Structure formats: structure tokens, C-alpha cells
Amino acid sequence: AQSVTQPDIHITVSEGASLELRCNYSYGATPYLFWYVQSPGQGLQLLLKYFSGDTLVQGIKGFEAEFKRSQSSFNLRKPSVHWSDAAEYFCAVGAEYGNKLVFGAGTILRVKS
Amino acid sequence: ETGVTQTPRHLVMGMTNKKSLKCEQHLGHNAMYWYKQSAKKPLELMFVYNFKEQTENNSVPSRFSPECPNSSHLFLHLHTLQPEDSALYLCASSQNAGYNEQFFGPGTRLTVL
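In the order they appear, the protein sequences are chains Z and E.
All residue numbers for the first sequence refer to the working numbering, where the first residue is 20 and numbers rise by one.
All residue numbers for the second sequence refer to the working numbering, where the first residue is 4 and numbers rise by one.
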């Protein structure tokens, strides 16, 4: 069975600084990997996804993530954070076949001015 | 605009009440999901429907009863709930059960008194 670990519960960065949110997964085969963002009181919005191919994936809102099979990681990055990026971020892994997504516990991002 | 709508957005109910949550997707998808999101816990998958058939019940108590009359609509019927059932209930849809990219609604914030 697949699992996801997001080691950081909270992260605080200054506006304009770079950001990296960590995600480690456990799955025996080729995973489908996702990053979602959730603003307070809202549902989850898909930022980006990795299914196959280029291991550096570009998403919406200037986010990117890199799949590293050797490290079982799929870290989310952004070169310059905006105050509107403050939210909770969830990494998720899906099996190659089947519909079950397993989510990490989430990382809350705070942006200070 | 996520294409997945949920009503009501907020619901307060007593332990003896019966209420229903409604989800509608406008994306032409064939699979729909109910998730429970509690504070400080990872997202929990509750039910999965694929082409109106329930394909997964993740050991959910019988006081939660799902209904999927067609591929566009999903309901969650609630009765004799407990205070610990207070949470954000999220609905999601995907193209089909073998395709992992899920689109989420804004959720229903449920409070059980």
C-alpha cells in the first residue's frame, strides 16, 4: 500500500523568498504524484501532477515539483513566494491502476511580509 | 471554478437529526468520492462510486449513507451523528475510477452538537 510523508507541519517564509515543501512517498511501482493546495474554508485545488516523462513538472501559480525516484521524493518549489500563497499544501500518491489517492498530512505555509 | 459544487456549505445539526449533503459535478466525470477532513488528521477517503456503483467503503460507520443516483450527483445522508463526526466533508470527481486526477468541491463544514 502506498503512503505519503510530509515532514514539515508548518513552514514560514518571507514574501519574495524561495520555497521548498518536502514530500516523500512509499510505493512499490511507478507512482502517480500530485500536489494540491487548500485555502481556509475551501476545497483542494490541483497545483500539478506527475504521471511519467520529464521529472520536473510545472504547475499553476508558478509552482514546480521534481520527481526523484532514488529518493522517493516529490518536493514542491517556488522561486519567489507571494503573500497569497499562504495556505495548506497536500502531497498525494496514487497507484498506477485504481482510483485511490493517499494524502499526506499537509504542510501549512505562512508568509511574512 | 472547480466544476464540483457542494451544498450546503455549512451545516449545524443535533445528534438526533437527519440531514443530507449534496455534491454535483459538471465535468462529465464517471467517478465520485466522499472524503472527511478533520483537524490535524490526513484526508480520509470514505466512499467511491464509479459509474453509479459503489466500489469502495472505507469502513465508514453506518450512520453515514451514500447515494449516487447518476454520475453527476452524489449524496451523503447523515443520521444520529456524534460530535466527533464534525469535520469538513469534501466531494471529488475524476474521469473514471482508473484515472487518479481528482477535482474537489469546496466542502461542507459540518458541526454536530
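Heads up, the beta-carbon is just placed ideally off N, CA and C, and yes, glycines get one too.
All values reported here derive from a predicted model rather than from experimental measurement.
Annotation: the continuous beta strand (DSSP E) that includes P69(E) extends over F67 to N73. N94(Z) and F86(Z) have their alpha carbons spaced roughly 7 Å apart. With distances taken between CA atoms, V115(E) lies nearest to N20(E) out of N20(E), R12(E) and P64(E).
Counting C-beta pairs with one atom in each stretch, the region 8–22 of chain E and the region 58–71 of chain E have fewer than three that are closer than 8 Å, which means they do not touch. For S37(Z), the CB contacts under 8 Å within the same chain, skipping 5 residues up- and downstream, are R96, K97, P98, S99 and V100 in chain order. In terms of beta-carbon proximity, Q21(Z) stays away from the interface with chain E, with every pair separated by 9 Å or more.
When rounded, the separation of the alpha-carbon atoms in F109(Z) and K68(Z) is 12 Å. Only buried fits P50(Z), as 16 or more other CB atoms lie within 10 angstroms of its CB. Leaving aside the five residues that flank T31(Z) on each side, the residues in its chain whose CB is nearer than 7 Å to its CB run, in chain order, R129 and K131.
Excluding residues up to 5 positions away in sequence, Y38, K39, Q40, S41 and N61 lie with their Cβ nearer than 8 Å to the Cβ of E47(E) in the same chain. For L113(E), no chain Z residue has a Cβ inside 9 Å of its Cβ, as the nearest lies near 13 Å away.
The region 26–112 of chain E contains, as complete beta strand (DSSP E) runs of 3+ residues, the segments 34–40, 47–53, 56–60, 67–73, 76–82 and 90–97 (chain order). With contacts defined by Cβ atoms closer than 9 Å, K80(Z) and V56(Z) form a contacting pair.
If you ignore the 5 residues before and after S23(E), its C-beta comes within less than 8 Å of the C-beta of F78, L79, H80 and L81, all in its own chain and listed in chain order. Collapsing the DSSP output to three states places Q90(Z) in a helix. Per DSSP, I30(Z) is one residue of the beta strand (DSSP E) stretching across H29 to S33. V76(Z) and G123(Z) have their C-alpha atoms spaced approximately 19 Å apart. Under the 9 Å criterion on CB atoms, F50(E) is classed as non-interfacial with respect to chain Z.
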